[in-house]
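Single-structure report; data block below.
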Ligand code: F6P
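So, in structure tokens, the structure goes:
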């Protein structure tokens, strides 16, 4: 079995389906293959900031029931960058050293961080500052981490969005309406593009491809002339208004993306006279039972991350490339942001299917 090790695992950033499957894989691979102990850190790096550090001793028996569950059994946060941590008095404080101390207080020899590009960048900075042995696992429904073909959570999110398009087809047809479905994805249009094609949408709007309202209305009219009495539009949340403004919603912590669906529905109604309705899918895309693909990828990633630790290969992230797990330096994974290629296979296929993409 080799030398006994104690490793930590945390989930950071927005939750998604498949995180628990990845945690389970890490616990099994560590315990079953090497006899190592695994500690699950609560609420991302916050669990290492508090004293005593908040961590659960995870065993295969404890984690097994979570395989099919959504969310993260460790908790997470997408707020509170430890290098500029918001304090109760409104100031920002660098609390990175407390996290590094927390890692050592728990007696960890390695840390597996499951996160998107932002979280991986923060964890890497912490690792470099404190000499932590870090291995990353990519997760995000947005699928915008470069170098990996898919991240944990994306497939489930696309399934949820596709089901929504499927459901909207019937009600749209019954009422001869233009239905607008607003989906998540941050600055990338991957969810919108995949769900739109899979669900047979008529129009897909993504931040990577510009559009005009006239173009949309002409397409709706063309469809009507061809005998289709309704139209389904899938729009990614980061698509801008025709004037180039970002649609955001204010909340207690600032602004977040949202509102492009309402903008389009109103503008289309005014210009074309069509009856329009909007559905904003929101966080349903992050929740629910993980798809088989997310569980599969999460399991492969978790097991491979443990192997990297066994080989003392740190500062790497596991990625999915051509049906295999490939380790890539974290630096490379966070260097670029992956967006939809406007001339790539998916966009080309959509156009060939008569789907209007804007241009
Ligand atoms: O990054 C994942 C994501 O779901 C984005 O698609 C979305 O814009 C954002 O997080 C929503 O964040 P919050 O959970 O803070 O509302």
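Residue numbers (our numbering): 2 to 360.
Beta carbons: idealized from backbone N, C-alpha and C, even for Gly.
These numbers come from a predicted model, not from an experiment.
I'd like the list of long-range same chain contacts for residue i, defined as Cβ closer than 7 Å, with 5 residues on each side in sequence excluded.
i           : result
residue 330 : 316 and 317
residue 27  : 10, 39, 113, 303, 306 and 307
residue 96  : 50, 83 and 86
So, using beta-carbon positions, are residue i and residue j closer together than 8 Å?
i           : j           : result
residue 57  : residue 76  : no
residue 81  : residue 89  : no
residue 243 : residue 214 : yes
residue 124 : residue 114 : yes
residue 49  : residue 100 : yes
residue 1   : residue 291 : Residue coverage of the chain in this structure runs from 2 to 360, which leaves residue 1 outside it and unanswerable.
residue 158 : residue 192 : yes
residue 252 : residue 187 : no
residue 111 : residue 8   : yes
residue 16  : residue 72  : yes
residue 277 : residue 178 : yes
residue 314 : residue 336 : no
residue 161 : residue 286 : yes
residue 200 : residue 172 : no
residue 294 : residue 184 : no
residue 298 : residue 217 : no
residue 166 : residue 233 : yes
residue 202 : residue 250 : no
Kindly indicate which three-state DSSP category residue i falls into: helix, strand or coil?
i           : result
residue 54  : coil
residue 175 : helix
residue 257 : strand
residue 276 : coil
residue 94  : strand
residue 269 : helix
residue 63  : helix
residue 232 : strand
residue 180 : strand
residue 328 : strand
residue 341 : coil
residue 38  : strand
residue 320 : strand
residue 12  : strand
residue 356 : coil
residue 187 : coil
residue 118 : helix
residue 314 : coil
residue 204 : strand
residue 240 : coil
residue 351 : helix
residue 135 : strand
residue 111 : strand
residue 153 : strand
residue 252 : strand
residue 87  : strand
residue 222 : helix
residue 168 : helix
residue 126 : helix
In whole angstroms, what is the alpha-carbon distance linking residue i and residue j?
i           : j           : result
residue 74  : residue 346 : 37 Å
residue 354 : residue 210 : 17 Å
residue 222 : residue 149 : 40 Å
residue 180 : residue 280 : 8 Å
residue 152 : residue 19  : 10 Å
residue 321 : residue 118 : 15 Å
residue 323 : residue 296 : 17 Å
residue 262 : residue 66  : 38 Å
residue 255 : residue 140 : 24 Å
residue 104 : residue 133 : 8 Å
residue 264 : residue 116 : 32 Å
residue 31  : residue 55  : 20 Å
residue 196 : residue 53  : 44 Å
residue 228 : residue 275 : 15 Å
residue 34  : residue 126 : 30 Å
residue 12  : residue 266 : 37 Å
residue 93  : residue 14  : 19 Å
residue 326 : residue 359 : 35 Å
Say yes only if the C-beta of residue i is nearer than 7 Å to one or more non-hydrogen atoms of the ligand GTP, and no if none qualify.
i           : result
residue 122 : This structure simply doesn't include the ligand GTP; it includes the ligand F6P instead.
Might you give, ordered along the chain, the residues of its own chain that have their beta carbon closer than 6 Å to the beta carbon of residue i, omitting 5 neighbours on each side?
i           : result
residue 247 : 241
residue 357 : 204 and 220
residue 190 : 207, 208, 209, 237 and 341
Skipping 5 residues on each side, what residues in its chain have a beta carbon closer than 8 Å to that of residue i?
i           : result
residue 350 : 198
residue 300 : 22, 23, 25 and 26
residue 334 : 118, 121, 137, 139, 146, 147, 148, 149, 318 and 320
residue 230 : 174 and 177
residue 352 : 358
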